[in-house]
Each structure stands twice: as C-alpha cells, then as structure tokens.
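Visitor: Under this note's numbering, think of the first position of the sequence shown as 8, with each following residue one higher. All residues carry an ideal CB built from backbone N, CA and C; glycine is no exception. These numbers were taken from a predicted model, which means no experiment stands behind them. Below you'll find the structure I mean.
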Amino acid sequence: MKINYNVSAMVAHSALTKSDSMLSNSLEKLSTGYKINHAKDNASGLAMAKRMNAQIRSLEIANQNSKDGMSATEIAEGALSEITEMVQRMSELATKAATGTLTDEDRVAIDSEIKQLKEEIERVADTTMYNGEVLLNGNFDLKGYTSDENVKVVTYSDEVRSGLYEITGLTAALDADGNIDPSSVSMTLDPDKFGTGAKYTVERDSIYIEGSNGLKMELQIKGNVSKDVTLDITGIGAMGVQIGTNEGQTLDIRIPTVSLRAMGIDRVDCSTEENAREFMDKIKGALKYISDARSSLGAYVNRLEHTVGTLDISEENMTAAYSRIMDTDMAEEMSEYSKNQVLVQAGTSMLAQANERPSQVLQLLQ
C-alpha cells in the first residue's frame with residue numbers, strides 16, 4: 008500500500024473528467040438542438056452545413072425575388088387590361104363615327120371622347136409603377152443605339168442578338184408631315200447580321216426591318232439621312248430578376264413600351280368619316296400590340312410560378328439535408344445523456360473511495 012502516489016484516485020479522476028466532458032457535450036447538444044456546435048465536433052460536417060445554410064438562405068431570397076417579379080409583371084398586365092378596355096371602346100366609337108348617318112358635329116363629340124381615352128392611356132403608361140419604377144414607359148424594354156442622331160432604334164424582337172449591325176448607304180427623307188417619303192429610302196443590310204433576304208418596309212416615320220429567324224427591328228427617322236449607320240443592339244434593358252443562388256441565374260422580364268405611337272394611333276382621329284375609317288384600320292393594330300404584350304407578360308408570370316415551385320422544392324430538400332447534418336436526435340442524445348450522467352455519478356463515488364484508500368495505512372501503524 009502506498010500513500011505518496013494514489014494511482015487508483017488518478018485513474019478514477021481521469022475517468023470522471025472524461026465522463027463529465029461527455030455529459031457537458033450532451034447537455035450542450037440537448038440545450039441547443041444542434042449536434043455540431045463547434046468545429047471540433049465534426050469539422051467536415053460543419054463546413055458542409057455552413058455551405059448548405061448559405062444556399063438555403065439564398066434560395067429564400069431568390070424565392071422572394073421571383074414573387075416580387077410576379078407582382079411587378081401582374082401590375083403591368085393589369086394596367087394593360089384597362090388599356091385594352093379603352094382601346095376597345097375607341098374601336099366602338101370609330102365604328103360609330105364611320106357611318107354616314109352621323110353629322111360632322113356628332114363626330115366631333117365622338118372624337119372628343121377618343122381624345123380623352125388617348126390621354127388616359129398615356130397617363131396610365133406613365134404612372135403604372137412598382138416600388139417607384141415606372142413599368143410601361145419603356146424603362147424595361149430592350150435598348151439600342153445608333154451612330155446617327157436622326158436614326159433611333161425604337162424596338163426589336165427577342166430573336167435579335169446583341170452586337171453591332173451595319174446599314175450601308177442608308178438614305179431617307181421626310182415630307183412636310185414628318186413622314187418618310189418611301190421613294191427616298193434605300194439601304195444595304197449586312198447579310199451576316201440581318202440574314203440573307205432581309206427586307207424593309209416604310210410606314211409613317213419608321214423603317215421596319217425583317218430578317219431570317221424571326222428578326223424584327225423598327226427604326227425611327229427623325230431627320231433626313233444619307234450615310235452609313237451602325238446600330239448598337241445592347242440586348243439589355245429588361246427587368247432582371249435573380250431567380251437562383253448563383254451568378255447568371257436570372258430571368259429578364261421584357262415589358263414593351265406602351266404609347267400611342269407604339270400602338271400606331273397617335274396621328275389618327277375620328278373628326279371625319281374618312282378619318283374614322285382609317286382609325287378603324289389602325290385600331291386593329293393597336294389591339295394586336297396590346298394583346299401581344301399581355302400574352303408575353305402572362306407567359307412570364309406562368310414561368311415565375313413554376314420557378315417559385317421549383318425553389319420551394321429545392322429549399323425543402325436542402326433544409327432536410329442540412330437538418331440531417333446539424334440537428335440533434337433528441338431521443339438518441341437523451342439516452343447518451345442518461346448514460347453519461349450515470350458514469351459521472353459512478354466516477355464521483357469511485358474517486359471518493361480511491362481517496363479513502365491511503366487512510367487505511369493508519370490501521371497498520373496502530
């Protein structure tokens with residue numbers, strides 16, 4: 008028997024320290040609900056979990072972004088719905104004004120209502136907003152620029168790729184009414200960009216170019232032109248909605264410009280029977296323009312609805328994976344806690360017994 012070094016007490020103390028540490032870990036896991044609270048608990052698991060957590064949070068924001076995009080698109084489509092009603096009313100009024108049973112005074116009254124409807128269309132286009140951004144005035148339409156201030160890129164189709172487009176020898180002259188004289192127009196279109204067999208037509212102050220693969224482009228002529236013109240088609244300007252967690256995972260929502268000029272009814276009226284008949288013809292194009300815009304916005308909404316559904320599923324599955332790595336199995340950990348609690352109590356008792364052993368030496372000295 009020895010009294011200087013109580014090895015039994017040292018062994019009991021070591022076992023008690025280990026059991027107490029395990030009990031503390033169990034208490035931490037049970038109290039926090041996480042089985043990984045420190046990097047030392049599971050270094051690789053913690054790294055994976057943190058990446059997953061970052062992705063889960065990004066998915067939540069992407070989901071919200073998609074819903075915001077839906078809201079903005081639905082607001083724009085709702086405004087176009089009202090504009091459609093106004094255009095249809097103008098169609099009714101034009102049809103009424105085109106009959107020979109009315110007098111010019113009657114047509115003036117009809118034209119007065121049409122003017123009010125035109126002003127309201129412009130007002131709606133300029134004031135329909137989402138989060139302070141005007142939606143229908145062209146802010147979110149694709150942009151294009153030219154090398155000549157008298158030539159303006161009004162719009163182009165989605166099939167037009169971004170880049171520089173060369174028009175050689177563009178010549179156009181305006182008449183006294185500001186319309187293009189068709190006989191003055193000539194140009195050579197780059198076949199590599201516009202496609203073989205590209206053609207153009209002239210209407211009012213615009214030149215409409217149609218090429219292969221659905222390429223369509225409208226150029227507005229603001230003054231006499233006689234030179235080579237370069238078009239810079241940017242392909243940007245649409246409302247970019249971040250619908251994913253990585254760079255480039257965006258949906259560009261193109262909201263067409265809504266204006267009387269874009270609909271082709273800015274210069275027509277119903278003051279005479281002849282004008283009313285012309286208005287009837289123009290109003291069909293206006294209805295088609297608005298209907299095409301609404302159809303495009305409706306397609307965006309449908310796509311965003313599927314996007315939201317996909318993001319919901321991804322977020323759910325990613326959260327489940329994160330939970331499997333991080334969350335404590337309470338039943339299993341409670342069993343571990345009970346075991347460690349018993350070991351601590353037993354270790355405490357054994358350490359007390361070991362500390363008593365050197366005192367037994369006194370019996371030998373009696």
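DSSP three-state call for residue 214: helix, strand or coil?
Guide: Against the sequence shown, residue 214 aligns to sequence position 207. If DSSP states are grouped into helix, strand and coil, residue 214 belongs with the strands.
Visitor: So, with DSSP's three-state summary, where would you put residue 248?
Guide: Reading the sequence shown from its first residue, position 241 is the one you call residue 248. Three-state DSSP puts residue 248 in a strand.
Visitor: Indicate whether residue 153 and residue 264 have their beta-carbon atoms separated by less than 8 Å.
Guide: Along the sequence shown, read from residue 1 onward, the residue named residue 153 stands at position 146. Along the sequence shown, read from residue 1 onward, the residue named residue 264 stands at position 257. No, these two residues do not count as a Cβ contact at 8 Å.
Visitor: Residue 228 and residue 187 - do their beta-carbons sit closer together than 8 Å?
Guide: Counted from its first residue, the sequence shown places residue 187 at position 180. Counted from its first residue, the sequence shown places residue 228 at position 221. It is a contact, given that the beta carbons lie within the stated cut-off.
Visitor: Which whole-angstrom value describes the C-beta separation of residue 293 and residue 94, a residue pair presumed to lie in contact below a C-beta threshold of 8 Å?
Guide: In the sequence shown, residue 293 corresponds to position 286, counting from 1. In the sequence shown, residue 94 corresponds to position 87, counting from 1. At roughly 5 Å, the Cβ-Cβ gap stays under 8 Å, so residue 293 and residue 94 are in contact.
Visitor: My output table needs one value for residue 110: the three-state DSSP class, helix, strand or coil.
Guide: One-based indexing of the sequence shown puts residue 110 at position 103. The answer is coil: DSSP assigns residue 110 none of H, G, I, E or B.
Visitor: Quick check: the Cα distance between residue 336 and residue 37, rounded to an integer number of angstroms?
Guide: Reading the sequence shown from its first residue, position 329 is the one you call residue 336. Reading the sequence shown from its first residue, position 30 is the one you call residue 37. Straight-line Cα distance between these residues: approximately 9 Å.
Visitor: Is residue 234 helix, strand or coil when you go by DSSP?
Guide: Against the sequence shown, residue 234 aligns to sequence position 227. Strand, per DSSP.
Visitor: Between residue 244 and the rest of its own chain, which residues show a CB-CB distance below 7 Å, the 5 nearest in sequence each way excluded?
Guide: By one-based count along the sequence shown, residue 244 stands at place 237. Excluding sequence neighbours, residue 244 sits near 147, 148, 149, 150.
Visitor: Assign residue 128 to one of two classes, buried (16 or more other C-beta atoms within 10 Å of its C-beta) or exposed (fewer than that).
Guide: By one-based count along the sequence shown, residue 128 stands at place 121. With 16 or more other Cβ atoms within 10 Å, it is buried.
Visitor: For the alpha helix (DSSP H) holding residue 179, just list the boundary residues, first then last.
Guide: Reading the sequence shown from its first residue, position 172 is the one you call residue 179. Here residue 179 belongs to no alpha helix (DSSP H); instead the beta strand (DSSP E) covers 170 to 179.
Visitor: Please state whether DSSP places residue 12 in a helix, a strand or coil.
Guide: As a working mapping, residue 12 is identified with position 5 in the sequence shown. Of the three classes helix, strand and coil, the one that applies to residue 12 here is coil, per DSSP.
Visitor: DSSP state of residue 226, grouped into three classes?
Guide: Taking the first residue of the sequence shown as 1, we reach residue 226 at position 219. In this structure, residue 226 counts as strand in the three-state DSSP scheme.
Visitor: For residue 84, does the count of other Cβ atoms within 10 angstroms reach 16, so buried, or fall short, so exposed?
Guide: What you label residue 84 is simply residue 77 of the sequence shown in a count that begins at 1. Classification for residue 84: buried.
Visitor: Does the distance from the CB of residue 224 to the CB of residue 163 come in under 8 Å?
Guide: Here residue 224 corresponds to residue number 217 of the sequence shown, with the count starting at 1. Here residue 163 corresponds to residue number 156 of the sequence shown, with the count starting at 1. Cβ distance < 8 Å, so residue 224 and residue 163 count as in contact.
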